[in-house]
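Engineer: In the numbering used here, the protein residues as written are 54 to 177. Below you'll find the structure I mean.
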Amino acid sequence: MDKGEFYTNIANGFYAASKIKNMQIGASRKKAGLREESIPLISEVLQVIAEHSPHMYKNTLHHSASRTKIYGETYMNLREHLNNPESRRPDRHNFVRFIRILNPILNERQRIIADKIMKLYEIF
């Protein structure tokens, strides 16, 4: 690593820290504790860190940030689904909706099983 790249990495670190601090100040005005309102903030912080990280870590951090965003969105959708009084009834429509919500975080084998369940639901 040459001096120019070293100084660029340091400057990017300061810039990322400044952006994160501004995001936290905005979130503290909204009084978002560690609740579902803070999930998008955490995702944004990880995106900023990934954008301003050295080149050797960018791909890994971008992948982690995007997975965090997917898990956060799935959590919020699942929480909304489970808090809905209509979805507390154990019937096939709610079960299928539950599987659709979980679909983004399933691995390949689980996704194949979920797709088969969806096809059976459509048939019947």
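A virtual CB, placed ideally from N, CA and C, is assigned to each residue, including glycine.
By the 10 Å Cβ neighbour count, where 16 or more other Cβ atoms means buried, how is S71 classified, buried or exposed?
Structural biologist: Residue numbering aside, residue 71 sits at position 18 when the sequence shown is read from its first letter. Exposed: under 16 other Cβ atoms inside 10 Å.
Engineer: Within the same chain, show all residues whose beta-carbon is closer than 8 Å to that of L114, passing over the 5 residues directly before and after it, in chain order.
Structural biologist: Position 61 of the sequence shown, counted from the start, is the residue given in the question as residue 114. Correct list, in chain order: L99, I102, A103, S106.
Engineer: Is P93 near T127, with beta carbons less than 7 Å apart?
Structural biologist: In the sequence shown, residue 93 corresponds to position 40, counting from 1. In the sequence shown, residue 127 corresponds to position 74, counting from 1. Against a cut-off of 7 Å, the Cβ pair of T127 and P93 comes out as no contact.
Engineer: Excluding the five sequence neighbours on either side, which residues of its own chain have a C-beta within less than 8 Å of the C-beta of V149, listed in chain order?
Structural biologist: One-based indexing of the sequence shown puts residue 149 at position 96. I170, M171, Y174, listed in sequence order.
Engineer: Report, in whole angstroms, the separation of the C-beta atoms of T61 and I95, which I expect to be a contact under 8 Å.
Structural biologist: Here residue 61 corresponds to residue number 8 of the sequence shown, with the count starting at 1. Here residue 95 corresponds to residue number 42 of the sequence shown, with the count starting at 1. So it is not a contact: roughly 26 Å between Cβ atoms.
Engineer: Using only CA atoms, which one of F151, E97, N130 lies nearest to A79?
Structural biologist: Taking the first residue of the sequence shown as position 1, residue 79 is located at position 26. Looking at the sequence provided, one finds Gly at residue 79 rather than Ala. Checked all of F151, E97, N130; the closest Cα to G79 is E97.
Engineer: Do I166 and N130 have their C-beta atoms closer together than 7 Å?
Structural biologist: Residue 166 sits at position 113 when you count from the first residue of the sequence shown. Residue 130 sits at position 77 when you count from the first residue of the sequence shown. For I166 and N130, no; Cβs fall outside 7 Å.
Engineer: Once the 5 residues before and after N65 are set aside, which same chain residues still bring their CB inside 7 Å of it?
Structural biologist: By one-based count along the sequence shown, residue 65 stands at place 12. H105.
Engineer: Counting only runs of 3+ residues fully inside the region 98-161, write out the beta strand (DSSP E) ranges in chain order.
Structural biologist: If we require 3 residues or more, the region 98-161 turns out to have no beta strand (DSSP E) run fully inside it.
Engineer: Kindly indicate which residue of E58, E161, D168 has the alpha-carbon position closest to the one of E108.
Structural biologist: Start at 1 with the first residue of the sequence shown, and residue 108 comes out as number 55. Per the sequence presented here, residue 108 reads as His, with Glu not at that position. Checked all of E58, E161, D168; the closest Cα to H108 is E58.
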